[in-house]
Amino acid sequence: MRNIFLIILFFFFIPVQLAMASTEREINIYKNIRCLVCQGQSLNDSNSDFAIDLKKVIKKKIINKKSDKEIYNYLTERYGDWILFNPPLKINTFLLWGFPLMFALLGGVFLYIKVVAPHLRQ
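With this note's numbering applied, the sequence shown covers 8 to 129.
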């Protein structure tokens with residue numbers, strides 16, 4: 008009886024788990040890729056023809072045992088860093104990463120000058 012259970016586990020449960028893991032991996036990649044047609048949506052959220060075709064390309068690369076990094080490299084070589092929702096830090100993307108930090112620092116200085124500094128003078 009135990010052997011039958013192990014056979015069932017091996018032939019039915021494990022492939023289902025592997026398929027689910029592949030699906031989760033696909034979805035995580037889809038969520039990190041911007042649809043170039045919809046621009047504000049990820050591939051996961053988009054139903055455009057471009058998104059559908061790109062999902063097929065990504066699925067084929069996953070089936071061919073490509074790593075996430077290889078898939079992202081392929082997409083950025085073809086479409087540029089803008090296709091990624093989380094682009095890498097490079098010289099040409101430094102401003103993209105730097106502007107939020109710069110605005111936060113300027114906002115902090117502004118608040119300090121307007122709110123804290125007048126109270127310190129009194």
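Where is the CB? At the ideal position from N, CA and C, for every residue including glycine.
- In the three-state DSSP reduction, Leu-50 falls in the coil class, being neither helix nor strand.
- Taking a contact as a CB-CB distance under 8 Å, the pair Asn-80 and Asn-39 does not count as one, their CB atoms being some 13 Å apart.
- According to DSSP, residue pairing for Ile-40 in a beta bridge involves Leu-91.
- If you ignore the 5 residues before and after Val-44, its C-beta comes within less than 6 Å of the C-beta of Ser-55, Phe-57, all in its own chain and listed in chain order.
- Residue range 56 to 70 is occupied by the alpha helix (DSSP H) that includes Lys-63.
- Counting of Cβ neighbours within 10 angstroms places Ser-74 among the exposed residues, the total staying below 16.
- Exposed is the label assigned to Leu-108, since fewer than 16 other Cβ atoms lie within 10 Å of its Cβ.
- Check the Cα spacing between Ile-69 and each of Gly-47, Gly-87, Ile-36: the tightest is with Ile-36.
- In terms of Cβ geometry, Lys-66 and Leu-50 do not form a close pair [threshold 7 Å].
- Membership of Tyr-86 in the alpha helix (DSSP H) is indicated by the continuous run 75 to 86.
- No residue range can be given for Val-122, since it is assigned to no alpha helix (DSSP H) and is classified by DSSP as neither H nor E.
- Put simply, the backbone Cα of Arg-85 is about 14 Å away from that of Lys-76.
- Its chain contains Ile-69 as the residues whose beta carbon lies nearer than 7 Å to that of Arg-32, once the 5 sequence neighbours on both sides are disregarded; these appear in chain order.
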